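Enquirer: All residue numbers in the sequence shown are consecutive under the working numbering, ending with 399.
Below are the structure tokens for one structure; questions will follow.
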Amino acid sequence: MTQPPPTPNGLNQTLLATITSLENLAYSTPYLLHDKDHLRKRLYNAVHKLLPEIETPTEMAQRLLYTPCEMMGAKIGIDMGVFEILAKSEKPLSTEEVARLCDVEMGMTVRLLRFLGSLGMVREMDGEEDGQFWGPSNRTRNLAMREIAAGVNHKHDNVMPAWHALPSWLRRRGYTVPIMTTDTPFAQGHGVEPQQSFYDWLQERPWNANEFNLFMRVHRLGVQSWMDLEERYAFVDVGGGIGLQSKALVQRYPNTFHGKIILQDLPEVIAKAHTENSGINVMAVDFFKSQPVTNAKIYYLRSILRNWPDPQALLILSHIHAAMSSSSHLIIDDIVLSDKNASKYETQLDMTMLAMLNGQARTESHFRQLLEEAGLCVDKVLVYESEGREAVVVARKA
């Protein structure tokens, strides 16, 4: 039997009770949910779904037009060092103390702390009678992490010019899907030659490269890994960078994989892998050329295909196909976009790949089509992180 709709007074009481509960949760939630991640994610998603439904046009405009200020604020706070200072402090700090420790003029410190406080990036302490005092919020502690700070630096300095250029780049090209790796929004936004890629640009800028590499080590921090699945394979780590996945696999399953993994990338990348005494073999290989390791049990591509348009992705796959035997498998470890109701994370990653590299994230049907063109067929698609649609696509020779 269905319940009758609540009366106006009853609805008001329910809303007031819900609002009060949410207000109380603001400070108690970290302690209530620290070991209940599934509940934390449900609450996080529910709040984000609710906000667009209740905001007025003015509130929507305010949020949309000033959203870039959050990135700006995070970058300023990182450059100042204020997040690390507050996160490490054993007591709240006065504005004067923050100014001294950050070596920033007092007047500017007041303005910046006020700004960061409004974004929840620092916490203005209540009950302090002698001037303003500041302490860490949850966001402060997150932004004080070196890896998270590297992510902010990477997005602000490396990616934002490409994001900014994307609308005019799309207009100029008539909103067509790119099939070449040159003339990217990245090149337009940074004012470099059309043929210069993001990775070429990084080679000339060690600081930018370091922030990018540090961020890439942890950009899936806290999410599950494909290694948590029951299916485990030894592999040739194609385009595996400095070997983070290879090292993680050997560390987790030393008896199974020690000495049985080959890490491949360009010579200048392999030189930074530091795999001595790790049980990992290294090989300088360009994945746009023939795959020298034939008949391997598994070939592994992590976050590679998203960097390339379809023609280049097809070339990478064709070289692996030529090296595979009938018993070989290819594992593609990547985001697999939802065909319907894709999340913000999924679509933002897709737009970032387009802006930086003319690349793209792909749906399962797109992966199947691409692999079929390369002479491969999909055995299974296993989603190991549902929130970000992180998955492994397992394929074999058709």
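Even for Gly, the Cβ is constructed at its ideal location relative to N, Cα and C.
Predicted, not measured: the structure shown is a model, and the values here were computed from it.
1) Across which residues does DSSP place A285 in a beta bridge pair?
2) Quick test of your reading: S291 and R397, contact by CB under 8 Å. State the CB separation rounded to the nearest angstrom.
3) Between which two residues does the beta strand (DSSP E) holding G192 run?
4) When we look at the beta-carbon of W208 and count the other beta-carbons within 10 Å, is it buried (16 or more) or exposed?
5) In whole angstroms, what is the alpha-carbon distance linking F116 and Q196?
6) Considering only residues of the same chain and omitting the five flanking positions on each side of G360, which have a CB-CB separation below 7 Å?
7) Thinking C-beta only, is Y301 closer than 8 Å to I336?
8) Return the chain-ordered list of same chain residues with a C-beta closer than 6 Å to the C-beta of K341, the five sequence neighbours on each side being excluded.
9) For G118, collect the residues of the same chain with a Cβ closer than 6 Å to its Cβ; drop the 5 residues on either side in sequence, then sort them by chain order.
10) Count Cβ pairs between the stretch 151-158 and the stretch 198-217 that sit closer than 8 Å; are there 3 or more?
11) Of the residues H155, E106, E388, A62, which one's Cα is nearest the Cα of R43?
12) Please work out which residues of its chain come closer than 7 Å, Cβ to Cβ, to L1, disregarding the five sequence neighbours upstream and downstream, and give them in chain order.
13) Under the three-state reduction of DSSP, which class applies to R233: helix, strand or coil?
14) When you compare the CB positions of I299 and F236, do they come within less than 8 Å of one another, or not?
15) DSSP beta-bridge partners for H330?
16) Which same chain residues, not among the five before or five after N159, have their C-beta less than 7 Å away from its C-beta?
17) Would you report the Cα separation of P137 and H322, rounded to the nearest angstrom?
18) Three-state secondary structure (DSSP) at D80?
19) Out of F368, H320, T182, which has the shortest C-alpha to C-alpha gap to G240?
20) According to DSSP, is I305 helix, strand or coil?
21) Hey, how far is the Cα of E232 from the Cα of V382?
22) Just the C-alpha distance for W202 and T59, rounded to the nearest angstrom, thanks.
23) Take E374 and list the residues in its own chain whose beta-carbon comes closer than 7 Å to its own, dropping the five residues that flank it on each side.
24) Quick one: is I305 buried, meaning 16 or more other Cβ sit within 10 Å of its Cβ, or exposed?
25) Under 8 Å, do T185 and L350 count as touching if we go by C-beta distance?
26) F134: buried (16+ other C-beta within 10 angstroms of its C-beta) or exposed?
27) So what does DSSP say about V360, is it helix, strand or coil?
28) Is Q14 buried or exposed, if buried means 16 or more other CB atoms sit within 10 Å of its CB?
29) How about L264 and D238: do their beta carbons lie closer than 8 Å?
30) In three-state terms, what does DSSP make of L94?
31) Let's see if you can read the secondary structure: which residues bound the beta strand (DSSP E) around D380?
32) What's the gap between the Cα of Y234 and the Cα of E91?
33) How about I262 and V251: do their beta carbons lie closer than 8 Å?
34) Taking 8 Å as the threshold (C-beta atoms), are V393 and Y385 in contact?
35) What number of angstroms, rounded off, separates the C-alpha of N25 from the C-alpha of P162?
36) Can you give me the Cβ contacts of N143 inside the same chain, cut-off strictly under 8 Å, excluding the 5 residues immediately before and after it?
Expert: Taking the coordinates as given:
1) D266
2) In fact, because the Cβ distance is near 20 Å, the residues do not count as touching under 8 Å.
3) Careful: G192 lies outside any beta strand (DSSP E) and carries neither H nor E.
4) exposed
5) 40 Å
6) R307, N308, W309, P310, M354
7) no
8) none
9) E125
10) yes
11) E388
12) With the chain covering 2 to 399 only, the question about residue 1 has no answer from this structure.
13) Any answer about R233 is weak, because its pLDDT of 45 lies below 50 and its placement is not dependable; what the coordinates show is given next. Coil.
14) yes
15) I299
16) N209, F213
17) 52 Å
18) helix
19) H320
20) coil
21) Its pLDDT being 46, under 50, E232 is placed unreliably by the model, and the measurement read from it follows with that caveat. Answer to the nearest angstrom: the Cα atoms are 12 Å apart.
22) 40 Å
23) L315
24) buried
25) no
26) buried
27) A small fix is needed here, since residue 360 is Gly in this sequence, not Val. DSSP places G360 in coil when its eight states are reduced to three.
28) exposed
29) yes
30) strand
31) 377-386
32) Any answer about Y234 is weak, because its pLDDT of 45 lies below 50 and its placement is not dependable; what the coordinates show is given next. Using only the alpha carbons, I get a separation of about 47 Å.
33) yes
34) yes
35) 40 Å
36) I149
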